[in-house]
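One structure is given below, encoded as structure tokens.
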Amino acid sequence: MTPDMLATIYAYTAVGVGVILAAAGLGSAIGWGLICSKTLEGIARQPEMRPQLMTNMFIFAGLMESFPFIILAFAMWFLFANPFVGALTSAIGAL
């Protein structure tokens with residue numbers, strides 16, 4: 025195993041983690057926008073349904089908010105406990 029191979033794995037992992045976190049943030053922002061806009065549309069159509077719609081909105085918003093945190097946990101796993109380094113050392117050891 026050469027230092028260049030290890031540096032390449034860490035570099036590609038860092039780029040991958042950046043893409044993963046950007047996609048999670050963008051997906052969450054789009055989800056929040058859709059949830060809130062559809063709730064406002066529903067309230068505009070039927071104002072008497074406001075309490076039920078707001079309750080549903082907060083439930084789904086909580087689910088939407090958990091998505092980036094789960095993705096963040098996976099990204100930190102890739103960043104700090106990089107499984108690709110172990111795979112490289114076992115592959116080199118098998119040669």
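Counting along the sequence shown from 1, when you hit position 13 you're at 37 in the working numbering, and nothing is skipped either side. Backbone N, C-alpha and C define an ideal beta-carbon position, used for all residues, glycine too.
CB contact flag (residue 37, residue 103, <8 Å): The answer is yes: Cβ separation under 8 Å.
Opening and closing residue of the alpha helix (DSSP H) in which residue 99 lies: Residue 99 -> alpha helix (DSSP H) spans 74-104.
Minimum C-alpha distance to residue 30 - residue among 109, 95, 51, 81: It is 109 whose Cα lies nearest to the Cα of residue 30.
Three-way DSSP call (helix, strand, coil) for residue 37 in this model: In this structure, residue 37 counts as helix in the three-state DSSP scheme.
According to the neighbour-count rule (16 or more other Cβ atoms, all chains shown, within 10 Å of its Cβ), is residue 41 buried or exposed? By the 10 Å Cβ count, residue 41 comes out buried.
Buried or exposed: which applies to residue 97, given that a residue is buried once 16 or more other Cβ atoms fall within 10 Å of its Cβ? Burial check for residue 97: the Cβ neighbour count within 10 Å stays below 16, so the residue is exposed.
For residue 6 and residue 113, what's the separation of their Cα atoms in angstroms? The question about residue 6 has no answer here: the residues shown for the chain are numbered 25 through 119.
What's the gap between the Cα of residue 54 and the Cα of residue 68? C-alpha of residue 54 to C-alpha of residue 68: approximately 21 Å in a straight line.
Report the option in 81, 107, 115, 105 whose CA atom is closest to the CA atom of residue 65. Residue 65 has its Cα closest to that of 81, out of 81, 107, 115, 105.
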